[in-house]
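Engineer: What follows is a structure written as C-alpha coordinates; I'll ask about it next.
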(Lines of atoms letter the chains of each structure in order from A and count residues from 1; the text may use other names and numbers.)
(Lines give C-alpha, C1' and ligand atoms only; values in the text may rest on other atoms or scores of the structure.)
Protein backbone atom coordinates (compact mmCIF):
# COMPACT_ATOMS: atom_id res chain seq x y z
CA UNK A 1 0.00 0.00 0.00
CA UNK A 2 1.07 3.55 -0.70
CA UNK A 3 1.11 5.00 2.82
CA UNK A 4 1.69 8.54 1.59
CA UNK A 5 -1.64 8.41 -0.26
CA UNK A 6 -3.55 7.48 2.88
CA UNK A 7 -1.59 9.99 4.96
CA UNK A 8 -2.59 12.77 2.58
CA UNK A 9 -6.20 11.63 2.59
CA UNK A 10 -6.27 11.54 6.38
CA UNK A 11 -4.79 15.04 6.55
CA UNK A 12 -7.49 16.29 4.18
CA UNK A 13 -10.25 14.75 6.30
CA UNK A 14 -8.74 16.16 9.50
CA UNK A 15 -8.49 19.66 8.04
CA UNK A 16 -12.04 19.50 6.69
CA UNK A 17 -13.25 18.50 10.15
CA UNK A 18 -11.77 21.68 11.65
CA UNK A 19 -13.94 23.62 9.19
CA UNK A 20 -17.09 21.55 9.91
CA UNK A 21 -16.98 20.16 6.37
CA UNK A 22 -18.22 16.64 5.62
CA UNK A 23 -16.05 14.51 3.31
CA UNK A 24 -17.83 11.95 1.13
CA UNK A 25 -15.37 9.26 0.01
CA UNK A 26 -16.40 7.25 -3.05
CA UNK A 27 -14.79 3.87 -2.47
CA UNK A 28 -15.23 1.92 -5.71
CA UNK A 29 -15.12 2.29 -9.48
CA UNK A 30 -13.44 5.59 -10.29
CA UNK A 31 -11.72 5.55 -13.66
CA UNK A 32 -12.58 2.05 -14.89
CA UNK A 33 -15.45 3.74 -16.75
CA UNK A 34 -13.40 5.41 -19.50
CA UNK A 35 -9.74 5.00 -18.59
CA UNK A 36 -9.32 1.32 -17.84
CA UNK A 37 -6.11 1.28 -19.90
CA UNK A 38 -4.32 3.10 -17.09
CA UNK A 39 -6.00 1.37 -14.17
CA UNK A 40 -3.62 -0.49 -11.81
CA UNK A 41 -5.90 -3.54 -11.88
CA UNK A 42 -5.58 -3.85 -15.67
CA UNK A 43 -3.64 -7.01 -16.52
CA UNK A 44 -1.39 -5.00 -18.85
CA UNK A 45 -0.31 -2.99 -15.80
CA UNK A 46 0.24 -6.05 -13.62
CA UNK A 47 -3.30 -6.33 -12.24
CA UNK A 48 -5.76 -9.26 -12.22
CA UNK A 49 -8.34 -7.93 -14.74
CA UNK A 50 -8.52 -8.20 -18.52
CA UNK A 51 -11.66 -6.08 -19.03
CA UNK A 52 -13.33 -3.24 -17.12
CA UNK A 53 -16.51 -5.32 -16.71
CA UNK A 54 -14.60 -7.66 -14.39
CA UNK A 55 -14.30 -4.98 -11.70
CA UNK A 56 -17.57 -6.14 -10.07
CA UNK A 57 -16.76 -9.87 -10.42
CA UNK A 58 -15.81 -11.26 -6.99
CA UNK A 59 -14.76 -14.79 -6.11
CA UNK A 60 -17.15 -14.93 -3.13
CA UNK A 61 -19.90 -12.33 -2.77
CA UNK A 62 -21.02 -13.85 0.54
CA UNK A 63 -17.64 -14.09 2.23
CA UNK A 64 -14.24 -12.43 2.57
CA UNK A 65 -10.86 -13.54 1.30
CA UNK A 66 -8.21 -14.81 3.76
CA UNK A 67 -5.84 -12.18 5.10
CA UNK A 68 -2.78 -13.98 3.69
CA UNK A 69 -2.25 -13.70 -0.06
CA UNK A 70 -1.82 -16.87 -2.13
CA UNK A 71 -0.07 -16.44 -5.53
CA UNK A 72 -1.92 -19.54 -6.77
CA UNK A 73 -5.32 -17.83 -6.54
CA UNK A 74 -7.30 -17.22 -9.71
CA UNK A 75 -7.80 -13.63 -10.98
CA UNK A 76 -11.14 -13.12 -9.22
CA UNK A 77 -9.72 -14.21 -5.88
CA UNK A 78 -6.74 -11.88 -6.28
CA UNK A 79 -9.03 -9.04 -7.34
CA UNK A 80 -11.29 -9.45 -4.30
CA UNK A 81 -8.28 -9.72 -2.00
CA UNK A 82 -6.80 -6.44 -3.32
CA UNK A 83 -10.14 -4.63 -3.01
CA UNK A 84 -10.70 -5.79 0.56
CA UNK A 85 -7.20 -4.88 1.68
CA UNK A 86 -7.61 -1.42 0.12
CA UNK A 87 -10.91 -0.94 1.95
CA UNK A 88 -9.39 -2.02 5.27
CA UNK A 89 -6.56 0.47 4.82
CA UNK A 90 -9.02 3.22 3.89
CA UNK A 91 -11.08 2.53 7.00
CA UNK A 92 -8.00 2.62 9.24
CA UNK A 93 -6.97 5.96 7.75
CA UNK A 94 -10.30 7.78 7.94
CA UNK A 95 -13.07 6.02 9.88
CA UNK A 96 -12.14 7.50 13.26
CA UNK A 97 -13.10 10.98 12.02
CA UNK A 98 -16.71 12.13 12.58
CA UNK A 99 -17.04 14.00 9.27
CA UNK A 100 -16.64 11.00 6.92
CA UNK A 101 -19.34 9.36 4.80
CA UNK A 102 -18.48 6.40 2.56
CA UNK A 103 -20.24 6.11 -0.79
CA UNK A 104 -19.70 2.46 -1.66
CA UNK A 105 -19.80 2.76 -5.45
CA UNK A 106 -19.96 5.48 -8.11
CA UNK A 107 -22.81 4.83 -10.56
CA UNK A 108 -21.96 1.70 -12.58
CA UNK A 109 -24.82 1.21 -15.02
CA UNK A 110 -22.20 -0.07 -17.50
CA UNK A 111 -21.65 -3.24 -15.41
CA UNK A 112 -23.65 -6.44 -15.22
CA UNK A 113 -26.40 -5.32 -12.85
CA UNK A 114 -26.72 -8.59 -10.93
CA UNK A 115 -23.00 -8.58 -10.18
CA UNK A 116 -23.01 -4.87 -9.40
CA UNK A 117 -25.73 -5.21 -6.80
CA UNK A 118 -24.08 -8.25 -5.19
CA UNK A 119 -20.78 -6.33 -5.16
CA UNK A 120 -22.35 -3.38 -3.34
CA UNK A 121 -24.11 -5.61 -0.81
CA UNK A 122 -20.79 -7.35 -0.13
CA UNK A 123 -18.95 -4.10 0.59
CA UNK A 124 -21.81 -2.60 2.58
CA UNK A 125 -21.45 -5.55 4.96
CA UNK A 126 -17.65 -5.31 4.81
CA UNK A 127 -17.73 -1.66 5.96
CA UNK A 128 -20.61 -2.10 8.42
CA UNK A 129 -18.66 -4.72 10.39
CA UNK A 130 -15.68 -2.35 10.69
CA UNK A 131 -17.04 1.18 11.14
CA UNK A 132 -20.04 3.12 12.43
CA UNK A 133 -19.55 5.89 9.87
CA UNK A 134 -22.58 6.41 7.56
CA UNK A 135 -22.67 4.31 4.39
CA UNK A 136 -24.23 5.65 1.21
CA UNK A 137 -25.46 3.87 -1.93
CA UNK A 138 -25.89 5.61 -5.30
CA UNK A 139 -29.23 3.87 -5.73
CA UNK A 140 -30.36 5.16 -9.13
CA UNK A 141 -27.62 3.33 -11.06
CA UNK A 142 -28.14 -0.18 -9.64
CA UNK A 143 -30.41 -2.78 -11.20
CA UNK A 144 -32.76 -5.02 -9.25
CA UNK A 145 -34.42 -4.10 -5.98
CA UNK A 146 -33.31 -0.80 -4.48
CA UNK A 147 -31.47 -0.25 -1.20
CA UNK A 148 -34.22 1.55 0.72
CA UNK A 149 -34.86 -1.52 2.85
CA UNK A 150 -31.24 -2.67 3.21
CA UNK A 151 -30.31 -2.20 6.90
CA UNK A 152 -26.63 -1.69 6.04
CA UNK A 153 -27.39 1.30 3.78
CA UNK A 154 -27.73 4.53 5.77
CA UNK A 155 -28.11 7.15 3.01
CA UNK A 156 -29.63 7.02 -0.48
CA UNK A 157 -27.82 9.14 -3.08
CA UNK A 158 -28.84 9.95 -6.64
CA UNK A 159 -26.91 11.30 -9.62
CA UNK A 160 -29.89 12.20 -11.79
CA UNK A 161 -30.56 15.15 -14.04
CA UNK A 162 -33.46 16.74 -12.18
CA UNK A 163 -33.72 20.19 -13.68
CA UNK A 164 -34.93 21.87 -16.86
CA UNK A 165 -34.24 25.14 -18.57
CA UNK A 166 -36.88 27.84 -18.65
CA UNK A 167 -37.07 30.34 -21.51
CA UNK A 168 -40.18 32.44 -21.10
CA UNK A 169 -43.13 30.06 -21.10
CA UNK A 170 -41.27 27.35 -23.04
CA UNK A 171 -39.61 24.52 -21.14
CA UNK A 172 -36.61 22.66 -22.53
CA UNK A 173 -35.34 19.47 -20.94
CA UNK A 174 -31.65 19.16 -20.13
CA UNK A 175 -29.75 15.88 -20.62
CA UNK A 176 -31.72 13.54 -18.43
CA UNK A 177 -31.60 10.00 -17.10
CA UNK A 178 -34.99 10.51 -15.52
CA UNK A 179 -38.18 11.57 -17.33
CA UNK A 180 -39.35 14.81 -15.80
CA UNK A 181 -42.99 15.39 -15.07
CA UNK A 182 -43.52 17.65 -18.09
CA UNK A 183 -46.53 19.30 -16.47
CA UNK A 184 -45.54 22.91 -17.07
CA UNK A 185 -45.03 23.51 -13.35
CA UNK A 186 -42.44 26.06 -12.19
CA UNK A 187 -39.01 24.44 -11.89
CA UNK A 188 -38.89 24.65 -8.09
CA UNK A 189 -42.23 22.83 -7.87
CA UNK A 190 -41.07 20.18 -10.35
CA UNK A 191 -37.97 19.40 -8.28
CA UNK A 192 -39.98 19.50 -5.05
CA UNK A 193 -42.54 17.00 -6.34
CA UNK A 194 -39.83 14.59 -7.46
CA UNK A 195 -38.09 14.66 -4.09
CA UNK A 196 -41.19 14.44 -1.90
CA UNK A 197 -41.94 11.03 -3.38
CA UNK A 198 -38.61 9.85 -1.95
CA UNK A 199 -39.22 11.54 1.42
CA UNK A 200 -42.39 9.52 1.98
CA UNK A 201 -40.71 6.13 1.47
CA UNK A 202 -40.20 3.69 4.32
CA UNK A 203 -38.02 2.91 6.14
CA UNK A 204 -37.02 6.57 6.32
CA UNK A 205 -33.50 7.35 5.13
CA UNK A 206 -31.66 10.56 4.28
CA UNK A 207 -31.76 11.41 0.59
CA UNK A 208 -28.73 13.09 -0.98
CA UNK A 209 -28.59 14.56 -4.50
CA UNK A 210 -24.82 14.19 -4.83
CA UNK A 211 -24.63 15.02 -8.55
CA UNK A 212 -26.97 17.52 -10.20
CA UNK A 213 -26.36 16.61 -13.83
CA UNK A 214 -25.24 18.32 -16.05
CA UNK A 215 -22.47 19.81 -13.97
CA UNK A 216 -21.99 23.53 -13.36
CA UNK A 217 -19.06 24.88 -15.38
CA UNK A 218 -19.47 28.59 -14.71
CA UNK A 219 -20.31 29.54 -18.29
CA UNK A 220 -22.84 29.00 -21.06
CA UNK A 221 -21.44 25.91 -22.73
CA UNK A 222 -22.94 23.57 -25.30
CA UNK A 223 -24.67 21.58 -22.58
CA UNK A 224 -26.64 24.57 -21.28
CA UNK A 225 -26.75 26.77 -24.39
CA UNK A 226 -30.53 27.08 -24.08
CA UNK A 227 -30.04 29.74 -21.40
CA UNK A 228 -29.90 33.35 -22.49
CA UNK A 229 -27.63 34.43 -19.66
CA UNK A 230 -25.48 33.08 -16.85
CA UNK A 231 -27.98 34.66 -14.46
CA UNK A 232 -30.75 32.46 -15.87
CA UNK A 233 -28.52 29.39 -15.50
CA UNK A 234 -27.72 30.30 -11.89
CA UNK A 235 -31.42 30.83 -11.20
CA UNK A 236 -32.13 27.29 -12.43
CA UNK A 237 -29.59 25.83 -10.01
CA UNK A 238 -30.92 28.06 -7.21
CA UNK A 239 -34.38 26.58 -7.75
CA UNK A 240 -32.98 23.06 -7.74
CA UNK A 241 -31.36 23.82 -4.37
CA UNK A 242 -34.55 25.14 -2.79
CA UNK A 243 -36.85 22.58 -4.37
CA UNK A 244 -34.63 19.86 -2.93
CA UNK A 245 -34.29 21.46 0.49
CA UNK A 246 -37.99 22.08 1.11
CA UNK A 247 -38.85 18.58 -0.07
CA UNK A 248 -36.89 17.19 2.85
CA UNK A 249 -33.81 16.18 0.86
CA UNK A 250 -30.83 15.62 3.14
CA UNK A 251 -28.47 17.50 0.89
CA UNK A 252 -27.49 18.62 -2.58
CA UNK A 253 -24.15 19.11 -4.30
CA UNK A 254 -23.76 21.36 -7.34
CA UNK A 255 -21.04 19.38 -9.05
CA UNK A 256 -18.27 20.20 -11.49
CA UNK A 257 -16.99 17.01 -13.06
CA UNK A 258 -14.35 18.46 -15.31
CA UNK A 259 -12.21 20.55 -12.98
CA UNK A 260 -11.46 21.46 -9.40
CA UNK A 261 -11.46 25.03 -8.15
CA UNK A 262 -8.41 24.56 -5.92
CA UNK A 263 -6.25 23.74 -8.97
CA UNK A 264 -5.14 27.02 -10.65
CA UNK A 265 -4.69 25.13 -13.94
CA UNK A 266 -8.27 23.85 -13.99
CA UNK A 267 -10.89 25.25 -16.33
CA UNK A 268 -13.19 26.41 -13.53
CA UNK A 269 -10.36 28.53 -12.09
CA UNK A 270 -10.92 30.92 -15.00
CA UNK A 271 -14.55 31.14 -13.92
CA UNK A 272 -13.83 31.58 -10.23
CA UNK A 273 -16.20 34.53 -9.81
CA UNK A 274 -19.03 32.48 -11.32
CA UNK A 275 -18.13 29.48 -9.20
CA UNK A 276 -18.29 31.71 -6.13
CA UNK A 277 -21.76 32.91 -7.16
CA UNK A 278 -22.93 29.30 -7.08
CA UNK A 279 -21.28 28.69 -3.72
CA UNK A 280 -23.03 31.81 -2.42
CA UNK A 281 -26.42 30.47 -3.53
CA UNK A 282 -25.80 27.25 -1.64
CA UNK A 283 -24.57 29.19 1.37
CA UNK A 284 -27.68 31.39 1.41
CA UNK A 285 -29.89 28.31 1.69
CA UNK A 286 -27.82 26.84 4.51
CA UNK A 287 -27.72 30.13 6.43
CA UNK A 288 -31.47 30.56 6.05
CA UNK A 289 -32.05 27.32 7.95
CA UNK A 290 -29.54 28.32 10.62
CA UNK A 291 -30.50 31.97 11.07
CA UNK A 292 -34.25 31.34 11.02
CA UNK A 293 -33.79 28.72 13.76
CA UNK A 294 -35.79 26.14 11.84
CA UNK A 295 -36.20 22.76 13.52
CA UNK A 296 -35.95 20.42 10.55
CA UNK A 297 -36.67 17.34 12.65
CA UNK A 298 -40.25 18.46 13.31
CA UNK A 299 -41.05 19.52 9.74
CA UNK A 300 -42.12 17.66 6.63
CA UNK A 301 -43.03 18.53 3.02
CA UNK A 302 -46.67 19.69 2.85
CA UNK A 303 -47.09 21.28 -0.55
CA UNK A 304 -50.88 21.32 -0.24
CA UNK A 305 -50.63 24.14 2.33
CA UNK A 306 -49.78 26.82 -0.26
CA UNK A 307 -50.72 27.85 -3.77
CA UNK A 308 -47.04 27.55 -4.72
CA UNK A 309 -47.02 23.83 -3.89
CA UNK A 310 -43.54 24.11 -2.31
CA UNK A 311 -43.82 24.02 1.49
CA UNK A 312 -41.85 22.59 4.40
CA UNK A 313 -43.98 22.84 7.51
CA UNK A 314 -44.78 21.84 11.03
CA UNK A 315 -48.43 22.62 10.42
CA UNK A 316 -50.12 24.89 12.98
CA UNK A 317 -46.68 26.09 14.11
CA UNK A 318 -44.22 26.92 11.31
CA UNK A 319 -44.16 27.22 7.52
CA UNK A 320 -41.40 27.73 4.94
CA UNK A 321 -42.85 28.51 1.50
CA UNK A 322 -40.97 29.02 -1.79
CA UNK A 323 -42.68 31.34 -4.27
CA UNK A 324 -41.09 31.40 -7.72
CA UNK A 325 -43.79 33.32 -9.58
CA UNK A 326 -46.51 35.92 -9.13
CA UNK A 327 -47.23 38.95 -6.96
CA UNK A 328 -48.66 36.99 -4.03
CA UNK A 329 -49.06 33.53 -2.56
CA UNK A 330 -51.77 31.79 -0.58
CA UNK A 331 -51.22 29.87 2.66
CA UNK A 332 -53.83 27.51 4.08
CA UNK A 333 -54.32 28.16 7.80
CA UNK A 334 -57.30 25.82 8.18
CA UNK A 335 -57.06 24.46 11.73
CA UNK A 336 -54.07 26.73 12.35
CA UNK A 337 -55.56 30.17 13.01
CA UNK A 338 -53.49 32.49 15.16
CA UNK A 339 -50.91 35.24 15.11
CA UNK A 340 -47.79 34.58 13.06
CA UNK A 341 -44.51 36.41 12.60
CA UNK A 342 -43.47 36.45 8.97
CA UNK A 343 -40.29 37.29 7.07
CA UNK A 344 -39.42 37.13 3.40
CA UNK A 345 -35.95 35.88 2.45
CA UNK A 346 -34.24 36.65 -0.86
CA UNK A 347 -32.62 33.39 -2.09
CA UNK A 348 -30.39 35.29 -4.54
CA UNK A 349 -28.87 37.76 -2.09
CA UNK A 350 -29.28 35.85 1.18
CA UNK A 351 -31.04 38.78 2.88
CA UNK A 352 -34.12 38.84 5.10
CA UNK A 353 -36.73 41.56 4.65
CA UNK A 354 -38.20 43.21 7.77
CA UNK A 355 -40.53 41.03 9.80
CA UNK A 356 -44.30 41.52 9.81
CA UNK A 357 -47.30 40.11 11.65
CA UNK A 358 -50.30 38.28 10.25
CA UNK A 359 -53.47 37.46 12.18
CA UNK A 360 -54.33 34.29 10.30
CA UNK A 361 -57.91 33.11 10.05
CA UNK A 362 -58.77 29.41 9.52
CA UNK A 363 -58.81 29.75 5.73
CA UNK A 364 -56.63 30.54 2.75
CA UNK A 365 -54.78 33.80 3.38
CA UNK A 366 -53.19 35.79 0.56
CA UNK A 367 -49.77 37.28 1.32
CA UNK A 368 -48.15 39.75 -1.08
CA UNK A 369 -44.53 39.25 -2.07
CA UNK A 370 -41.98 42.09 -2.10
CA UNK A 371 -41.91 41.74 -5.91
CA UNK A 372 -42.54 39.13 -8.63
CA UNK A 373 -39.14 37.49 -8.21
CA UNK A 374 -38.18 34.36 -6.23
CA UNK A 375 -38.86 34.64 -2.50
CA UNK A 376 -38.87 32.35 0.52
CA UNK A 377 -41.50 33.06 3.18
CA UNK A 378 -40.92 31.97 6.80
CA UNK A 379 -43.95 31.99 9.10
CA UNK A 380 -43.70 31.19 12.82
CA UNK A 381 -46.72 31.07 15.10
CA UNK A 382 -46.54 33.36 18.12
CA UNK A 383 -49.62 32.08 19.98
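Numbering (the numbering used here), first residue to last: 1001 to 1383.
Glycine is no exception: its CB is placed at the ideal position from the N, C-alpha and C atoms.
Using only the alpha-carbon positions, how far apart do residue 1041 and residue 1209 sit?
Structural biologist: 30 Å
Engineer: Helix, strand or coil for residue 1005? Go by DSSP, reduced to three states.
Structural biologist: Under the three-state reduction of DSSP, residue 1005 is assigned to helix.
Engineer: Measuring only the C-alpha atoms, how far is residue 1375 from residue 1347?
Structural biologist: 6 Å
Engineer: Does the segment 1197-1205 come within contact of the segment 1305-1325, defined as at least 3 CB pairs closer than 8 Å?
Structural biologist: no
Engineer: In this structure, how does DSSP classify residue 1111 when only helix, strand and coil are distinguished?
Structural biologist: The answer is coil: DSSP assigns residue 1111 none of H, G, I, E or B.
Engineer: Do the CB positions of residue 1381 and residue 1318 come within less than 8 Å of each other?
Structural biologist: yes
Engineer: Taking buried to mean at least 16 other C-beta atoms within 10 Å of its own C-beta, is residue 1138 buried or exposed?
Structural biologist: buried
Engineer: Indicate whether the contact test is met: 3 or more Cβ pairs, each with one atom in the segment 1011-1019 and one in the segment 1091-1108, closer than 8 Å.
Structural biologist: The segment 1011-1019 vs the segment 1091-1108: in contact.
Engineer: I need the DSSP call for residue 1142, collapsed to helix, strand or coil.
Structural biologist: coil
Engineer: Using the beta-carbon count (16 or more within 10 Å), is residue 1108 buried or exposed?
Structural biologist: buried
Engineer: Using DSSP bridges, identify the partner residues of residue 1026.
Structural biologist: 1103
Engineer: For residue 1351, which option in 1082, 1280, 1339 has the closest C-alpha, if you only look at C-alpha atoms?
Structural biologist: 1280
Engineer: Any idea what DSSP makes of residue 1299, helix, strand or coil?
Structural biologist: coil
Engineer: Sorted by chain position, which residues of the same chain lie with C-beta nearer than 6 Å to residue 1056's C-beta, five sequence neighbours on each side aside?
Structural biologist: 1111, 1115, 1116, 1119
Engineer: Identify every residue that forms a DSSP beta bridge with residue 1357.
Structural biologist: 1341
Engineer: Roughly how many angstroms separate the alpha carbons of residue 1359 and residue 1195, rounded to a whole number?
Structural biologist: 32 Å
Engineer: Between which two residues does the alpha helix (DSSP H) containing residue 1242 stretch?
Structural biologist: 1230-1245
Engineer: Just reading off the beta strand (DSSP E) that residue 1378 is part of, what are its end residues?
Structural biologist: Start and end: 1375-1381.
Engineer: Have a look at residue 944 and residue 1192 and give me their C-alpha separation to the nearest angstrom.
Structural biologist: Because the chain spans 1001 through 1383 in this model, residue 944 falls outside it and cannot be assessed.
Engineer: When we look at the beta-carbon of residue 1370 and count the other beta-carbons within 10 Å, is it buried (16 or more) or exposed?
Structural biologist: Residue 1370 comes out exposed.
Engineer: I need the DSSP call for residue 1054, collapsed to helix, strand or coil.
Structural biologist: DSSP places residue 1054 in helix when its eight states are reduced to three.
Engineer: Could you give the distance in angstroms between the alpha-carbon of residue 1047 and the alpha-carbon of residue 1006?
Structural biologist: Straight-line measurement puts the Cα of residue 1006 at about 20 Å from the Cα of residue 1047.
Engineer: Could you check what DSSP says for residue 1043 in three-state terms: helix, strand or coil?
Structural biologist: helix
Engineer: Count the other C-beta atoms from every protein chain shown that fall within 10 angstroms of the C-beta of residue 1336, then say buried if there are 16 or more, exposed otherwise.
Structural biologist: buried
Engineer: Compare the beta carbon distance of residue 1103 and residue 1157 with 8 Å and say whether it is the shorter of the two.
Structural biologist: yes
Engineer: What's the call for residue 1001, buried or exposed, on a 16-neighbour Cβ count within 10 Å?
Structural biologist: Residue 1001 comes out exposed.
Engineer: Relative to the alpha-carbon of residue 1363, which residue among 1330, 1148, 1345 has its alpha-carbon at the smallest distance?
Structural biologist: 1330
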